[in-house]
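Peer 1:
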Amino acid sequence: MKRFIEGEDRSQVTLLPECLDDYIAEDNPVRVVDAYVEELDLQELGFAAAEPALTGRPAYHPAVLLKIYIYGYLNRIQSSRRLEREAQRNVELMWLTGRLAPDFKTIADFRHDNGVGIRNVCRRFVVLCRELKLFTQGTVAVDSSKFKAVNSRDRNFTPAKIEKRKQQIEESIQRYLSALDTADRTMPEQEFGPRAEHLKDKLSALREQMRRMDEMKERVKAEPDEQLSLTDPDARSMKSQAKGTGLVGYNVQTVVDASHHLVEHEVTNVGSDRAQLSKMALAAREAMGKKSLQAYADRGYFNGLEIKACDEAGIKAFVPKPMTSNAKAEGRFSKADFIYIKRDDEYQCPAGERAIHRYDSVEGGLLMRTYWSSACPGCAIKAQCTTSENRRIRRWEHEAVLERMQRRLDRKSDAMTLRRRTIEHVFGTLKHWMGTTHFLTRRLEHVGTEMSLHVLAYNLKRVMQLLGIAGTMKAMRLAGA
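Read in order, the letters of the sequence shown are residues 134 to 614 in the numbering used here.
#1: Is residue 607 helix, strand or coil by DSSP?
#2: Hey, residue 239 and residue 193 are a contact pair by Cβ (cut 8 Å); roughly how many whole angstroms apart?
#3: For residue 372, does the three-state DSSP call read helix, strand or coil?
#4: Going by Cα to Cα distance, which pick from 184, 394, 163 is closest to residue 269?
#5: So the candidates are 525, 423, 563, 442; which of them puts its Cα closest to the Cα of residue 92?
#6: Taking only the alpha-carbon atoms, compute the straight-line gap between residue 447 and residue 533 and give it to the nearest angstrom.
#7: What is the residue span of the beta strand (DSSP E) that residue 499 lies within?
#8: Can you list, in chain order, the residues of its chain with a C-beta nearer than 8 Å to that of residue 157? Leave out the 5 residues immediately preceding and following it.
#9: In the structure shown, what three-state DSSP assignment does residue 356 receive?
#10: Less than 9 Å separating the beta-carbons of residue 484 and residue 440?
#11: Between 230, 528, 457, which lies nearest to residue 495 when the distance is taken from Cα to Cα?
#12: For the alpha helix (DSSP H) that contains residue 528, what are its first and last residues?
#13: Does the segment 237-255 come into contact with the segment 360-368, if we say contact requires no fewer than three beta-carbon pairs (one atom in each stretch) closer than 8 Å?
#14: Would you mind giving the Cβ-Cβ distance between residue 349 and residue 295, rounded to the nearest angstrom? I have them listed as a contact below 8 Å.
#15: Where does residue 487 sit, in a helix, a strand or coil, going by DSSP?
#16: Note down, in chain order, each residue of its chain lying with its Cβ closer than 6 Å to the Cβ of residue 134, except the 5 sequence neighbours on either side.
#17: Output needed for residue 596: all residues of its chain with C-beta closer than 6 Å, excluding positions within five of it in sequence on either side, in chain order.
#18: Go to residue 517, then tell me how far its alpha helix (DSSP H) extends in each direction, as first and last residue.
#19: For a test of the three-state rule: what should DSSP assign to residue 138, helix, strand or coil?
#20: When you compare each of 389, 397, 345, 479 to residue 552 by their alpha carbons, which one comes out closest?
#21: Of all the alpha helix (DSSP H) runs that stay within the bounds of the segment 415-447, which reach a length of 4 or more residues?
#22: Exposed or buried, what is residue 271 when buried is set at 16 or more other beta-carbons lying within 10 Å of its beta-carbon?
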């Protein structure tokens with residue numbers, strides 16, 4: 134008969150029980166959480182109740198609750214109720230909190246009431262990474278991803294959604310009316326009564342839905358962006374990468390450094406990335422403490438004003454231009470086929486003719502210069518160029534900034550590969566940790582706090598992998614966190 138390893142008898146009494154610290158190995162990440170929080174000045178970072186009240190019932194110190202949350206997000210435990218249970222049974226949390234076990238309401242209120250402090254703790258860790266000289270290359274990738282809010286798609290309304298829903302209701306009403314008419318003509322009288330009652334109830338419910346849609350249409354008109362979310366008022370309907378799909382949530386802007394893949398972020402409820410490049414690049418430069426920076430982003434960030442702002446700040450942007458030329462799509466020459474001659478302020482067309490400056494205009498707040506050639510009407514290859522009398526070329530007054538960026542992209546053929554391998558995996562990791570529901574809190578402020586905890590957990594894990602547990606703890610104490 135095989136022998137098996139046997140456990141201890143549950144009723145066995147030990148004379149000298151082990152110290153709780155004996156259960157926590159020296160290389161346990163929970164020691165890093167403890168070391169980091171102990172070195173923080175929580176009052177300076179903006180935590181409420183960092184100083185105890187002179188009267189009333191003693192409260193939990195903010196450091197205890199902050200340790201619980203950082204530990205929870207490091208271990209994919211975001212729910213306050215689950216954290217309450219873990220504090221009562223998890224040896225690591227018992228060690229971390231000194232066997233304190235706050236109830237879920239206390240834990241949830243801490244996150245709700247200390248958003249500023251928690252976000253500052255996340256920023257403080259990025260500063261610590263800078264002090265540890267982990268930002269070495271001065272190269273970052275900028276990207277965004279849509280994260281789901283607690284608001285479902287059915288509880289988000291836009292004019293287009295309302296009109297589509299009203300059309301569906303109208304079709305259903307017509308279908309039930311037709312079914313009622315058919316039943317009246319074909320069914321015996323004793324069977325028609327119950328059937329008619331059922332159909333009339335359905336029609337009544339549909340007409341009530343139509344009335345609610347009319348009311349919702351008026352409410353949506355009163356919203357600044359003509360969009361209304363009932364569960365989380367700050368959540369917005371956004372398109373996702375898959376064609377024809379979308380979600381109701383938030384757009385998380387992220388900057389990741391290319392050397393060690395550490396993260397800086399900002400949560401917005403604006404679905405477009407067009408106006409985000411310079412803001413995120415400047416935030417990254419400040420966090421990294423660099424005078425110059427290279428920022429890589431995808432086509433969604435292409436915006437002349439944003440690229441110009443980066444250029445003026447000493448940030449070299451690498452953003453490919455979107456392929457939106459109608460002429461190119463229809464088989465004709467695009468603007469890229471015309472060569473700008475700076476000395477003469479003219480364009481040379483594919484036929485070798487010169488397009489000269491004609492007039493200036495303002496389009497979308499931008500000063501545009503318009504060029505065309507007098508040779509267009511008699512050009513032999515005009516059919517490959519334009520369907521109008523003249524091929525007009527518009528040039529932004531600061532087009533030289535975009536041209537310099539394009540030359541940088543041409544010299545660096547692997548720019549977008551660098552961007553992808555730097556930042557894409559970050560979103561996959563974060564969404565895997567967060568699960569299918571993504572955010573648990575409501576309103577932009579609280580969602581931002583929740584995201585800060587996720588990013589702090591991500592950065593902590595990265596630094597522990599780079600420096601090791603002992604190295605990370607030593608660095609925190611030397612830097613004074």
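For each residue, glycine too, the CB sits at the ideal point set by N, CA and C.
Here the structure is a predicted model, which is why all the values come from computation and not from measurement.
Peer 2: Based on what the coordinates show:
#1: Working through the sequence shown from its first residue, we reach residue 607 at position 474. Taken through DSSP and simplified to helix, strand or coil, residue 607 comes out as helix.
#2: On the sequence shown, residue 239 is found 106 positions in, with the first residue counted as 1. On the sequence shown, residue 193 is found 60 positions in, with the first residue counted as 1. Contact holds; Cβ gap of about 6 Å.
#3: Position 239 of the sequence shown holds residue 372. Annotated three-state conformation of residue 372 is strand, per DSSP.
#4: Looking up residue 269 in the sequence shown gives position 136. Ranking 184, 394, 163 by Cα distance to residue 269 puts 394 first.
#5: Nothing can be reported for residue 92: it is not among the residues displayed for the chain, which extend from 134 to 614.
#6: Stepping through the sequence shown from its first residue, residue 447 is reached at position 314. Stepping through the sequence shown from its first residue, residue 533 is reached at position 400. Between residue 447 and residue 533, the C-alpha separation is close to 15 Å.
#7: As a position in the sequence shown, residue 499 is number 366, starting the count at 1. Taken as a continuous stretch (DSSP letters only), the beta strand (DSSP E) holding residue 499 covers 499-505.
#8: By 1-based counting over the sequence shown, the position of residue 157 is 24. Leaving aside the five residues that flank residue 157 on each side, the residues in its chain whose CB is nearer than 8 Å to its CB run, in chain order, 163, 164, 224, 225, 228.
#9: Taking the first residue of the sequence shown as 1, we reach residue 356 at position 223. Looking at residue 356 - three-state DSSP - the assignment turns out to be coil, as it is neither helix nor strand.
#10: Taking the first residue of the sequence shown as 1, we reach residue 484 at position 351. Taking the first residue of the sequence shown as 1, we reach residue 440 at position 307. Annotated as distal: residue 484 and residue 440, with beta-carbon spacing of 9 Å or more.
#11: Reading the sequence shown from its first residue, position 362 is the one you call residue 495. Distances from the CA of residue 495 to each of 230, 528, 457 were compared; the closest alpha carbon is that of 528.
#12: What you label residue 528 is simply residue 395 of the sequence shown in a count that begins at 1. Counting along the chain, residue 528 sits inside no alpha helix (DSSP H); it lies in the beta strand (DSSP E) bounded by residues 526-529.
#13: No: fewer than three Cβ pairs fall under 8 Å.
#14: Looking up residue 349 in the sequence shown gives position 216. Looking up residue 295 in the sequence shown gives position 162. Yes, residue 349 and residue 295 are in contact; Cβ-Cβ is about 6 Å, under 8 Å.
#15: Here residue 487 is taken as the residue at index 354 of the sequence shown, counted from 1. Residue state, collapsed to three classes: strand.
#16: The sequence position of residue 134 within the sequence shown is 1, counting from 1. Its pLDDT being 48, under 50, residue 134 is placed unreliably in this model, and the value from its coordinates should be taken loosely. The answer is none, since no qualifying residue turns up.
#17: On the sequence shown, position 463 is the one that residue 596 refers to. Here the set comprises 605.
#18: The residue given as residue 517 occupies position 384 in the sequence shown. In the DSSP assignment, residue 517 falls outside any alpha helix (DSSP H) and carries neither an H nor an E.
#19: Indexing the sequence shown from 1 puts residue 138 at position 5. Of the three classes helix, strand and coil, the one that applies to residue 138 here is coil, per DSSP.
#20: Residue mapping note: residue 552 aligns to position 419 of the sequence shown, counting from 1. Cα-wise, what sits closest to residue 552 is 389.
#21: For the segment 415-447, the full-length alpha helix (DSSP H) segments reaching 4 residues or more read 437-445 along the chain.
#22: Within the sequence shown, the letter at position 138 stands for residue 271. The residue in question, residue 271, is buried, as its Cβ has 16 or more Cβ neighbours within 10 Å.
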